[in-house]
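First comes the structure, then the notes that go with it.
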Amino acid sequence: EIYTLSLHDALPIWSCDLFKAQADAIRKIASEESCVIVGRCGFHIFENHPNCLKIFIHSTEDCRKRRIAEKYGLDLRDAAAMVVDNDYSRELYTKTFTGKDWTDARNYDISIDVRKFGINGAVDFLMKCIEWSEKRKVESEEWKIREIICVYTDFLVILHANSTSRSPAKSIFLTKFRR
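FYI, in this note's numbering the residues of the sequence shown are 1412 to 1590.
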């Protein structure tokens, strides 16, 4: 299912209550299923979430206006105005509700300039990053299991994923070893 929220849908209501309601809705969706959040200050909403990969995809203004002109059948002047308007809206929205700069790479785990890879290359690169991130989580969990078993020599420690959720939530069960 696809959920969309538009900045223009939110205008003229500029309130922290609206942002909090959107953030709560986004968190609820993310707690129930895997999802991709585009914009909406997702980098801020999930800044401390352990199972989140925050990606900033960018390009030059010239590259972006040419792509928008081609995609929407606009002349370059109208496409350039759209880029400037969208950037300003994103900047204002992000500053208003987070106090942060939406273009600051420190807000993200990965920042990628699509000019370097092309769209398909960027998608392939990001999919590899996601696969690698998932693999690292599994390896990290395996390491934690080994570490916990070593620390708790009198207990068997079993970590398992919650089968009713796609979240990374783990449950820990301690069972007394019989020697």
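Ideal Cβ positions, reconstructed from N, Cα and C, are used throughout, including at glycine.
Beta-carbon separation (whole angstroms), residue i vs residue j, contact threshold 8 angstroms
i: residue 1442; j: residue 1526; result: At roughly 35 angstroms, the Cβ-Cβ gap does not stay under 8 angstroms, so residue 1442 and residue 1526 are not in contact.
i: residue 1544; j: residue 1487; result: Residue 1544 to residue 1487, Cβ: 38 angstroms. No contact.
i: residue 1490; j: residue 1480; result: 4 angstroms
i: residue 1437; j: residue 1456; result: 6 angstroms
i: residue 1541; j: residue 1533; result: That pair is no contact at about 13 angstroms.
From the options, residue whose alpha carbon lies closest to that of residue i
i: residue 1516; options: 1483, 1506, 1466; result: 1466
i: residue 1477; options: 1522, 1550, 1519, 1494; result: 1494
i: residue 1432; options: 1550, 1508, 1542, 1459; result: 1508
i: residue 1499; options: 1426, 1458, 1472; result: 1472
i: residue 1460; options: 1533, 1520, 1485, 1428; result: 1520
i: residue 1548; options: 1510, 1511, 1462, 1485; result: 1462
Per-residue burial, residue i [other beta carbons within 10 Å of its own, 16 or more giving buried]
i: residue 1483; result: exposed
i: residue 1513; result: buried
i: residue 1475; result: buried
i: residue 1562; result: Residue placement at residue 1562 cannot be trusted, given a pLDDT of 46 that sits under 50; the coordinates are not used to answer.
i: residue 1531; result: exposed
For residue i, the three-state DSSP class (helix, strand or coil)
i: residue 1486; result: coil
i: residue 1524; result: strand
i: residue 1568; result: Residue placement at residue 1568 is flagged as unreliable, the pLDDT there being 39, under the threshold of 50; the coordinate-derived value follows with that caveat. Strand, per DSSP.
i: residue 1460; result: coil
i: residue 1466; result: strand
i: residue 1541; result: helix
i: residue 1474; result: helix
i: residue 1511; result: coil
i: residue 1448; result: coil
i: residue 1500; result: helix
Cβ contact (3+ pairs, closer than 8 angstroms) linking the segment 1501 to 1510 and the segment 1447 to 1454: yes
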